[in-house]
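4 protein chains.
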Amino acid sequence: MMTGDEYRASLDDGRATFFEGEQIFDLPGHPILGITVDSAAAGYDRFHDPAPGAVGAFMAVPGSAKELREQVELHETVDLLTHVTYASIMTLLTAADRIEATLPDQAARIRAWVKDAQRRDVRITQCITDAKGDRSRRPGNQDDPDAYVRVIERRSDGIVIRGAKLHISAASMGHELMTIPTKGMKPGEDQYSVACMVPVGAPGVKIINTTYAPRHADTRDFPMSGNHHTPEGFVIFEDVFVPSDRVFLAGEHPEFAAVFAHSLGLWERLGGLAAFVTGYDRLVGLERVGHIKEKISDMMINATLIRASLEAAIENCSVTSDGAAFPSELYTNVGKYHGAANYALMVRHLHDIAGGSILTAPGMADLDNEQTGHLVRKYMGTLQSVDGIYRSKLFHAIRDYTADALGGWYAVTNLQAGGGLYAQRIVSRLHYDLEHAKKLALEAAHMGESANGSA
Amino acid sequence: MMTGDEYRASLDDGRATFFEGEQIFDLPGHPILGITVDSAAAGYDRFHDPAPGAVGAFMAVPGSAKELREQVELHETVDLLTHVTYASIMTLLTAADRIEATLPDQAARIRAWVKDAQRRDVRITQCITDAKGDRSRRPGNQDDPDAYVRVIERRSDGIVIRGAKLHISAASMGHELMTIPTKGMKPGEDQYSVACMVPVGAPGVKIINTTYAPRHADTRDFPMSGNHHTPEGFVIFEDVFVPSDRVFLAGEHPEFAAVFAHSLGLWERLGGLAAFVTGYDRLVGLERVGHIKEKISDMMINATLIRASLEAAIENCSVTSDGAAFPSELYTNVGKYHGAANYALMVRHLHDIAGGSILTAPGMADLDNEQTGHLVRKYMGTLQSVDGIYRSKLFHAIRDYTADALGGWYAVTNLQAGGGLYAQRIVSRLHYDLEHAKKLALEAAHMGESANGSA
Amino acid sequence: MMTGDEYRASLDDGRATFFEGEQIFDLPGHPILGITVDSAAAGYDRFHDPAPGAVGAFMAVPGSAKELREQVELHETVDLLTHVTYASIMTLLTAADRIEATLPDQAARIRAWVKDAQRRDVRITQCITDAKGDRSRRPGNQDDPDAYVRVIERRSDGIVIRGAKLHISAASMGHELMTIPTKGMKPGEDQYSVACMVPVGAPGVKIINTTYAPRHADTRDFPMSGNHHTPEGFVIFEDVFVPSDRVFLAGEHPEFAAVFAHSLGLWERLGGLAAFVTGYDRLVGLERVGHIKEKISDMMINATLIRASLEAAIENCSVTSDGAAFPSELYTNVGKYHGAANYALMVRHLHDIAGGSILTAPGMADLDNEQTGHLVRKYMGTLQSVDGIYRSKLFHAIRDYTADALGGWYAVTNLQAGGGLYAQRIVSRLHYDLEHAKKLALEAAHMGESANGSA
Amino acid sequence: MMTGDEYRASLDDGRATFFEGEQIFDLPGHPILGITVDSAAAGYDRFHDPAPGAVGAFMAVPGSAKELREQVELHETVDLLTHVTYASIMTLLTAADRIEATLPDQAARIRAWVKDAQRRDVRITQCITDAKGDRSRRPGNQDDPDAYVRVIERRSDGIVIRGAKLHISAASMGHELMTIPTKGMKPGEDQYSVACMVPVGAPGVKIINTTYAPRHADTRDFPMSGNHHTPEGFVIFEDVFVPSDRVFLAGEHPEFAAVFAHSLGLWERLGGLAAFVTGYDRLVGLERVGHIKEKISDMMINATLIRASLEAAIENCSVTSDGAAFPSELYTNVGKYHGAANYALMVRHLHDIAGGSILTAPGMADLDNEQTGHLVRKYMGTLQSVDGIYRSKLFHAIRDYTADALGGWYAVTNLQAGGGLYAQRIVSRLHYDLEHAKKLALEAAHMGESANGSA
């Protein structure tokens, strides 16, 4: 396994990564992107085990509700890059299982690749969302055929792909791009049915980074986003060659295109649900005015409904024949949906309670300035025992978390991650036990078990 | 234990019970109230065990999450009178436990009474809500001092009480009125701190019944409320003598007045939450038009959040030193609250989907009439395979359940049972782990463990 | 013009109308249906003008925002049958205007018929909603071809129609059935494109009545629905001959099928919006506990938003070249939508505030009974100045209006009248000024007037 | 009247204003604060009239619904500083009117000051919100007596004040601080009952600025906040002397303390409501994917309800005996409340529809970079006719407006401006016609005009 420093060195592999219009040649040394590298490096050091062939503890496959709960709790504490690496590995193994009967060679290739990736101790990011062009048209019917990533050439030793993947968290900080179709493909859309692993440094890969990281001179006013941030990558494949042993779908078998994204969905939403459990509590905790009880009750009730969903998702997990525990699809999706749908209201409550100082609390530098510092301290305080520095910091935290660039990032990401509200509604619908509900209704109506047409 | 018929006979004890302005002398034979008596009698037959000293299986105290779940499931299938009897017994035992250290005699009296009640196999109803007079004034400060039930005389062998209790489900069908204070009392309100067991047939007790039962000639159009209904009793204590061995608080110890109602709260709300799990599913099941997906998704998601809350309430039960499993206060209250608060929207979705025939589907008699029956059958049908009788019945069920007298009863009862939305919000707030939430928030704000005032 | 008594007599025209399985031969004398007849007769007496050729004041066509407001206010005070007669006349004249250019003969026939109807002073009801069979199939593709009303025979002097129309308020109390297509028809669905006026007493017409009217012996407990109620008619056309001068679309010109329903929509929703203005205020007024401020604020705010929408609909009316003032489509639909969508929450607030006595207040007969009357009066009172009779009546009103059969009728009707939430959303979308909104957005984004593709 | 350049020069008056820890000596030349100065200067040039004694057109007092509408529309186009100056003048004149009978000298002083301010053509900002200390205690009962602005010394020629006012928009860019009590004061809180006009450059005034202005090197990615922004001032009065002719309440007459804030409320909320009319449309306009109809319908319906409220507020204005038209308190507050309460949901809909590129669209510099520009253009495009530059700009606008620092500023300000949701609910409740609603309810209940206690 790599140490943090070995990880830092591994990023110098010729990758073409851009930020604010400039190519970045020294990622670990970059004033903004380097902070994300540091977080990832700390993750390497945390899980480092010098034993040959060791595999990180964050990789363990849970086998029961108890182990699933432990794994969920562990992943609440790891950096984002470590977490997506785990979700990627779980996705690949799940997909291998699902295609094995029909595509045994591809399943074997996936498993071999996973084993090798664990040996190399690399970090993996998830390239799913295509550029998409005109959303009302199918992939094969776009003005620009590259609007979805596709195979443009087949060679004896591999394939060449072209296209772009959007919103790829930490793409520039990982080693491998797990590149999979964004949705199911239909017959005739074979070229778009492509799943493969692409090294970040491969020729033709370009990544443009964007980030909510504050650009302010004094990042102390951003107690959250000033300390941790992860850029999103806009990943472009400009005619990239991928060798055969890294190709799992090669522009064929469109009937399997959706298997990878579906495998990913559950793990991604479980992560999202677990993050809501913490995030909702955090919003409650940021509130400070005890007497505005109705809004706080609403916040607590929503936080507890989210937590109940996670409890039910874990306790009602299903264990596969391999002994792997999967959280309940229904409870995971319903909890994630409720969390995403109500986040805006939770934040509104917090803004309503906390007041205008969210926006207008003077900064840490104003506290440092001797002409103004004592006055800020005086007038931002409440009781003698609660001074203005403490309250100023709390307001900075609320602004940073909910009403500035990071807050905007959460607002959108909470909705869009794991496929958007719409996708979570669909999956909830699929897994709800409708037959049971119908039976209850007919019994209550004293219509017994009667089939449709009978009186 | 009694049989159903023995139960019927036991109601002829001189009780003064009224309906629509008339005193009822033959409850089992009454065309409307007799139906509730039948349901209760069936409950007696179901649990009858001829062994001497036998106690009904519905009385078992659960000792683990598993047994708690079984008990919840069992009580989903019993009649209302059986269920409230169980909740009353649990309430009394819980209260005995809580007052034991300070009022050992009273605790012993409760336990003795419970043992005897189980031996006599009687049914108990719950008299809590007082008339209240002007809600903005305390009990002792009303124009009419009887607005809250109170002790008007103390004798060597017991007490005399006066007042009224409202909304007492099935009061006329039980044997014992568990009469407890509606809320906490303050020093000086001693006379209102009264808890005792009053036989329904005791001199001075009068009960006025109201019911959502349909008065229509043809109750087939009311597939639910035409088959089962329970009257609410308006119970009046016109100077009723209660012997000492039935008195648990005798117009003294106002500091214990709230113990009984609080003990009842958890069990009542658990019952409410469990009923929502079924009731929400039932609403989903009553919906029939598969393509209106957004509303149905909403309904399913809400139904599943309710179910997740029940799951979490059971799995996170606490087991007392006596080995009794109590469901989680937090999850029980939050789930009950969410169910109550969203019921109106669930019904609105159902009405929106199902359309005007909820109101205007012709009745069963119109189907019988040979001039009109074949036409109703023709025009209420959809496919050849779904005839108009089936659909008419389904519309009757929806109307009965959600848009007629029974529907109104559910609308109000779901909100008010277990103390109203307000009470459930308070309890949720009390049990939410606010310290944990604050800790999460401060950590996220990089403000560590710092106490309030420190920088 | 007819008097009330002449109207009563006019109903004895051989009409085949059914109730609870029996044909009714004496409508004015029927214990339940006769009450609606009385309301309609009172409407005749109110507007009676003995002058030859007089036309009812409720028929006036408004020509300005001011007159439109007066007409809206007038119709808030008339009985339902009078109101739908007016809306029908306005619908027919609007439709005549819209088809005139292409179908001048039909337009002339409509105008002639309207003139004659005004002379005869008849009442008109609106037959729109077809039986529909399987909602996912077009009219011409049903198992039963009669699922939508259609022309089954053309004769030289008229047409023969077959089918059924559902949810026709007061159908049995009017003289004429304005029978129009429920939606647009496509080429090949000509036979379903039929609009005509059918006398209620025409051979082959059968009407089955349903009603929320209380069947209780003592209707004093139903202060609203015990005094006024209107049955819904299930209207069946069993091969009914309609003479040519009453036929406006004769199973042809499917491109005009939707004109009538669209013409009706605006007037129906304006009526609905105006009723909400009153109905929302009424809900606020029924609430009695002044200190539950948050819920009451919500109720008042919603009531005022509804009123603001009516204000804006009237003030922004458009006046046609004929000088007729039409309310704004946008504000009418948005207000009606908001009222319908939030009604369930308004009622929930009322139920939450008012408490369980909505359901369990003893009846008027219990107040009459000398054993119980004084006790009900005592324990349902609050202050000495607010006695129990007053409060009992108020609770009866709340139950009747929101939590019993009439309440269910409002719950469903508010949603479904005027085409359901879905239809109101569509019309709102059509009339919203999207181009203006886009322009505002692009200006704010400093993207000026730039067309789509330009940088 | 001043020109823009004269305004710029007027700011060099020795004012002590701070930003990010440093005192600013050249406001017009400051890279961030100077932009706000430019906006204000443009406002001066726009309304400049060289005639001696001219008064800006933006100052006109409307006298009818028509003129009120024109004034509302005019103020939608002016810069913030001009708008608050107008609202301040209206507030002062309204307050003068209300105190005249009791405090004629003070009323005269206000009117004289206003006349002089108009002659000097100065800009005024609104200092209301005090530091407040512990919100659960009264002003006179704080650990620090300066938590609310107060009079610390009375002199023969004026008063000396101490304290701080928070969230003062554009305080550093105006000439005069309209300093008024934040709420009503009680007897004994006389020293806190202080209203006066303080020049920004007066000795002892210090202002700390905060702003959502982007600090990024390339502000093209912030099409809104990169072009216009206004800092919020944290205004401190460190023992500031105010001459008598500028003092309207001098630490006495606490019964009039609230008059000023109440006078301000209506004008501030009208401005807020008018801004919502535009802002909601803008959110609708920013949405680009036509087929997600349900969410867009919701957005349009809310935007139209807001617009209906403004329509009703204007049409139902009241004209005072002086001929000044005031918008309806009820409709203004209800509309502002609905806009504020639903803003979070509107933004959520937009985020749900628009997708992750809100956050991750590459920046303008990435479009400039020749290695990446053509690729961004290609993959951010949809149709050939909608290229990637256009779409990138649109995503920047959405992020800037709703999901970055400016978006956070709107989220909080929409809730808190004009006193917060709570204040708007209170005012709505005060102005709703409850007697009318009760009358409607009693009539519907057939309880006639009966007084409370009568049967």
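Those sequence lines, one after another, are chains L, D, G and A. Positions in the first sequence are counted from 1; adding 1483 to them yields this note's numbering. Positions in the second sequence are counted from 1; adding 1483 to them yields this note's numbering. Positions in the third sequence are counted from 1; adding 1483 to them yields this note's numbering. Positions in the fourth sequence are counted from 1; adding 1483 to them yields this note's numbering. We put the beta carbon where it would ideally sit given N, CA and C, even for glycine. Here the structure is a predicted model, which means the values were calculated and not measured.
Taking C-beta separations shorter than 7 Å and ignoring five residues to either side along the sequence, the partners of D/T1612 in its chain run K1648, L1649, H1650 and T1665, following chain order. The criterion of a C-beta distance shorter than 9 Å is not satisfied by D/H1821 and D/L1842.
Taking a C-beta distance under 9 Å as the contact criterion, D/A1614 and D/I1607 do not qualify as a contact pair. Annotation: the continuous alpha helix (DSSP H) that includes L/E1918 extends over L1917 to A1927. Residue range G1856 to Y1862 is occupied by the alpha helix (DSSP H) that includes A/V1859.
In the three-state reduction of the DSSP assignment, G/Q1609 falls in the strand class.
In the three-state scheme derived from DSSP, where H, G and I count as helix and E and B as strand, G/A1807 is classed as coil. The beta carbons of G/A1537 and G/M1485 sit about 11 Å from each other, so the pair does not count as a contact at 8 Å. The alpha-carbon separation between L/E1798 and D/Y1826 amounts to approximately 26 Å.
Contact of G/S1652 with chain A by beta-carbon distance below 9 Å is absent, the smallest such distance being about 19 Å.
Straight-line measurement puts the Cα of L/F1705 at about 60 Å from the Cα of D/Y1695. With a contact defined as Cβ atoms closer than 8 Å, A/L1516 and A/I1507 qualify at about 6 Å. Bridge partners of G/K1648 according to DSSP: G/D1613 and G/V1718. D/S1676 sits in coil when the DSSP states are folded into three classes, being neither helix nor strand. For L/Q1625, the secondary structure class from DSSP, reduced to helix, strand or coil, is coil. CA-CA distance, D/T1574 to D/L1747, rounds to 5 Å. Linking A/N1692 to L/P1514 through their CA atoms gives a straight-line distance of about 27 Å.
Cβ proximity to chain A below 8 Å picks out A1700 and D1701 from the stretch 1700-1714 of chain L. Taking a cut-off of 8 Å for Cβ pairs, the stretch 1706-1719 of chain A and the stretch 1884-1893 of chain A touch, as three or more such pairs fall below it. Judged by DSSP secondary structure, G/I1872 falls within the alpha helix (DSSP H) whose first and last residues are G1871 to T1885. Across the structure, D/E1583 and D/T1577 are spaced so that their CA atoms are roughly 10 Å apart. Rounded to whole angstroms, the separation of the alpha carbons of G/L1913 and L/V1725 is 50 Å.
For the pair L/A1795 and L/Y1814, the CB atoms are nearer than the 9 Å cut-off. Across the structure, A/R1645 and G/T1761 are spaced so that their CA atoms are roughly 52 Å apart. G/Y1675 is outside the set of residues whose beta carbon lies under 9 Å from a beta carbon in chain D. For L/T1896, the closest of L/A1548, L/T1855, L/D1640 and L/K1819 by C-alpha to C-alpha distance is L/K1819. Sequence-distant Cβ neighbours of D/A1733 in its own chain, meaning closer than 6 Å and more than five residues away, are I1642. Boundaries for D/I1663: no beta strand (DSSP E) harbours it, and the DSSP string shows neither H nor E there. Distance from L/R1552 to D/L1923 at the Cβ level is roughly 18 Å; contact not present, criterion being Cβ atoms closer than 8 Å. Counting C-beta pairs closer than 8 Å gives fewer than three between the stretch 1828-1836 of chain L and the stretch 1587-1597 of chain A, which falls short of the contact rule. Chain D has a Cβ within less than 9 Å of the Cβ of G/G1903. By the criterion of a C-beta distance shorter than 6 Å, D/T1702 is surrounded in its chain by G1709, once the five residues flanking it on both sides are discounted.
Contacts between G/R1908 and chain A, judged by CB atoms closer than 9 Å, involve K1776, E1777, S1780, D1781, M1783 and I1784 in chain order. The C-beta distance from D/Y1763 to D/M1668 rounds to 37 Å, too long to fall under 8 Å, and the pair is not in contact.
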